[in-house]
Structures are given as C-alpha cells and as structure tokens.
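Asks: One structure is given below, represented as structure tokens, and several questions about it will come after.
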Amino acid sequence: ISHILSMGLIGIYTYNRIYEKIKDFDVYYFVSPTLLFRNVGYRLMKEGKTVVLGNHGTYFEVLDMYGFASKAYSKILTTMIFHKLLKNKMKFYIHVQNKYQAQYYEKIKCDRSFIREIPYNNVKFNDYKCLDNDNFSVVYLGRLMESKGVDMLLELEKKADINLHIIGKGPYMEKLQQMKSQNTLIHGYVSFAEKIKLLAESDVMIVPSINESLSISAIEGLASGLYLIVSSTSMGPRYIVRQDNIFGVAVPRNPKNFIKEIERIKIIKERSKTDFYREKMLRREIAGKMFDADVVDKELVELFNDAIKDNNN
Numbered sequence: 001i002s003h004i005l006s007m008g009l010i011g012i013y014t015y016n017r018i019y020e021k022i023k024d025f026d027v028y029y030f031v032s033p034t035l036l037f038r039n040v041g042y043r044l045m046k047e048g049k050t051v052v053l054g055n056h057g058t059y060f061e062v063l064d065m066y067g068f069a070s071k072a073y074s075k076i077l078t079t080m081i082f083h084k085l086l087k088n089k090m091k092f093y094i095h096v097q098n099k100y101q102a103q104y105y106e107k108i109k110c111d112r113s114f115i116r117e118i119p120y121n122n123v124k125f126n127d128y129k130c131l132d133n134d135n136f137s138v139v140y141l142g143r144l145m146e147s148k149g150v151d152m153l154l155e156l157e158k159k160a161d162i163n164l165h166i167i168g169k170g171p172y173m174e175k176l177q178q179m180k181s182q183n184t185l186i187h188g189y190v191s192f193a194e195k196i197k198l199l200a201e202s203d204v205m206i207v208p209s210i211n212e213s214l215s216i217s218a219i220e221g222l223a224s225g226l227y228l229i230v231s232s233t234s235m236g237p238r239y240i241v242r243q244d245n246i247f248g249v250a251v252p253r254n255p256k257n258f259i260k261e262i263e264r265i266k267i268i269k270e271r272s273k274t275d276f277y278r279e280k281m282l283r284r285e286i287a288g289k290m291f292d293a294d295v296v297d298k299e300l301v302e303l304f305n306d307a308i309k310d311n312n313n
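Following the UniProt record's numbering, the numbering of the sequence shown begins with 1 at its first residue and continues without gaps.
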C-alpha cells in the first residue's frame, strides 16, 4: 500500500473503498504509518491476514525535530494510529529503516521481537568502484531541492579550495550555477556509468539533508569508499554513520561544521595517501556486509517468511 493511497487524511474517509479493492490478498505491506494503515490494516489483521508496516518516511521523524506544538501533534497522530492496534494486541511486523524508528516503536510499546531494522535499497556494491586518487574531491549526489539541504552547497561553493562535484537536478540548479566557483562542477543528471566514475574519483560525500529516513546516495557513497559528512538532524544518514566511526560523521547543519570536517579529512589524505586509500577500501568492505542489496534482499525475505509463519501459528 503505497504513498499514493495513504497520504494525508485519506485513511479516514475512503478506507472502506480501498479495503474492498485489496481485501483478497494474503500479505500486505504498508509503506508508512498512516490513518489508512490503522483502519485498513486493523481490519485485515482481524481477518487473520499477514500485515507488515514499512517506514519509508514517517511523520514522527519530521515532527519530532521541531518545537512543542509539532511534537504534541506527533503524539496525537501516534495515539490515533496505534492506540486501537496496541490495545487489541494486533500482530504485525514493523520494517524500520534506521535506529531512530526502531527506538520510537519500542517507546510506544510495540513488540520488540516484531521490529526489523533493514535499510532497504538496491545498491549492489560490486557495481561501484573505489579508486586511489591524487586529488581531493567532495561530491554531492541527489535532487537539488531545499529539503535535501542544498542551501549548504551554496556556501560550500564559495570555498575556492574545495573541489566540489554536484550530481543532480532540481529547483536550486540555476542558483547553484550562478554562484559556483571555478572549482565547482555541476553535472546535472548523469548516466549510471558516469555516476560510478565521479563517485570513484571522490573522497568525501556530503549529505546535508534536513530530514531523510534513509539516504540511498549515502549508501552509494559507501559503496565507493567515500567518507560521509551528514546532517545531524537527518535521522537515516545520522544512524548510518553511527554504525561505525569509519563510515563518517554527523555534524550540525551549519556550513562551518561541514567545511571544518572537509578540511580535516583533506589533511589526513595529504599526510598519507596510502593509508587513506586503505581506509576507503575498509569502509567499503564493512558497509557492503550491512547495506549491499543482496544482503538487504535476504533480510527482507526472512522478514516476510517470519511474518507469514508467525501469523499462521
């Protein structure tokens, strides 16, 4: 059940019609926690159907970032969506993208044994390369839009001594082109082969997103051995780098913090390119065991098998 059907308040008014369209399946995967999940999911669970709740972007990750009113609204939504399900002890598996989501569901008393942290992505590490480069380069990969933190790129462009590659298109494209320095290259959309090449020739990837449940770009960066500098407000990338210090660091969303960290990594590379490359390869190896698409696919199959098995017992 995708975002197209589950956005906003549609779960209040149209869930009976939606239920009639989908009631004959055996296994259901709801993309995110919504009122549609509460109403349709609850009905399906009562009928003994297997239900899995996904978390590809959640209201609480966004609302809990802000002030009292926003957090209060988040709690109200949580009560509206989950109170009836938990009160009636309905059984459903929860597929989370990051540790923040996992901790949230534990906090509202969901069964911990039914929570699976699987960073869903289709990044096959064997498709990516990790090169020993002479130059020091920083790369951004993603849509050029406000929610991705592209305002940070506007500040980084002013640093003439940073070789910055920007891959992607979006509303900020024109402004970035107007302000770019001679060391900034804006590539726009590129082919898969060109993307692999640009990532392999870089050393650091910046992920300045304001909020993101999981950054596929960050995982592509790890597949290329890149050191990640991510925004500490963005839940998914923040928890990616927390897995192991070798993956990178999360810093407050401020250009000075990003620039300071970039300059620190640049000095490390200048001291010993051999050691720097060795660490890139180690980063890629460790990340592959956690985030490679084949690993993720296996974990997802196990999730659905366990959900079906437990529901039939």
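Note that the Cβ used here is the ideal one computed from N, Cα and C, for glycine as well.
What is the rounded straight-line gap between the Cα of Pro-171 and the Cα of Glu-47?
Replies: Between Pro-171 and Glu-47, the C-alpha separation is close to 46 Å.
Asks: Beta-carbon of Thr-233 versus every beta-carbon of chain B: anything under 8 Å?
Replies: Of the chains in the structure shown, none is chain B; there is only one protein chain.
Asks: Starting from the C-beta of Leu-123, find all residues in its chain whose C-beta is less than 6 Å away, skip the five residues before and the five after it, and write them out in chain order.
Replies: Residue identity check: residue 123 is Val in the sequence provided, not Leu. Once the five neighbours on either side are set aside, the close Cβ partners of Val-123 are Ile-219, Glu-220, Ala-223, Ala-293.
Asks: Considering Ser-202, what are the terminal residues of the beta strand (DSSP E) in which it resides?
Replies: Where Ser-202 is concerned, there is no enclosing beta strand (DSSP E), given that its DSSP letter is neither H nor E.
Asks: Could you tell me which uninterrupted beta strand (DSSP E) segments, each at least 3 residues in length, are contained entirely in the UniProt domain "Glycosyl transferase family 1" (133-267), listed from first to last along the chain?
Replies: As far as the UniProt domain "Glycosyl transferase family 1" (133-267) is concerned, its whole beta strand (DSSP E) runs of at least 3 residues are 137-141, 163-167, 184-188, 204-207, 227-231, 248-251.
Asks: Quick one: what's His-95 bridged to in DSSP?
Replies: Answer is Arg-116, bridged to His-95.
Asks: With a threshold of 7 Å on Cβ separation, who are the neighbours of Thr-78 within its own chain once the five nearest residues in sequence on each side are excluded?
Replies: Phe-60, Ile-108, listed in sequence order.
Asks: Could you tell me whether the segment 95-109 touches the segment 182-199, using the rule of 3 or more Cβ pairs below 8 Å?
Replies: Taking 8 Å as the limit for Cβ pairs, the verdict is that the segment 182-199 does not touch the segment 95-109.
Asks: Per DSSP, Val-40 forms a beta bridge with which residues?
Replies: DSSP, once it has assigned bridges, lists no residue as partnering Val-40.
Asks: Specify the secondary structure class of Thr-50 as computed by DSSP and reduced to three states.
Replies: DSSP places Thr-50 in strand when its eight states are reduced to three.
Asks: Just the C-alpha distance for Leu-141 and Thr-274, rounded to the nearest angstrom, thanks.
Replies: Going by the C-alpha atoms only, they are around 26 Å apart.
Asks: Note down the Cα distance separating Ala-307 from Tyr-29, rounded to an integer number of angstroms.
Replies: Approximately 11 Å, taken between the alpha carbons.
Asks: What does the Cβ neighbour count give for Ile-262, buried or exposed, with the cut at 16 atoms within 10 Å?
Replies: Ile-262 should be labelled buried.
Asks: Report yes or no: do three or more beta-carbon pairs, one from the segment 131-139 and one from the segment 153-168, lie closer than 8 Å?
Replies: Touching, yes.
Asks: With a 10 Å radius around its C-beta and 16 neighbouring C-beta atoms as the bar for buried, classify Ser-231 as buried or exposed.
Replies: Ser-231 should be labelled buried.
Asks: At a cut-off of 7 Å, is Ser-74 close to the ligand FAD when judged by its beta-carbon and the heavy atoms of the ligand?
Replies: Of ligands this structure carries none, so the ligand FAD is not represented either.
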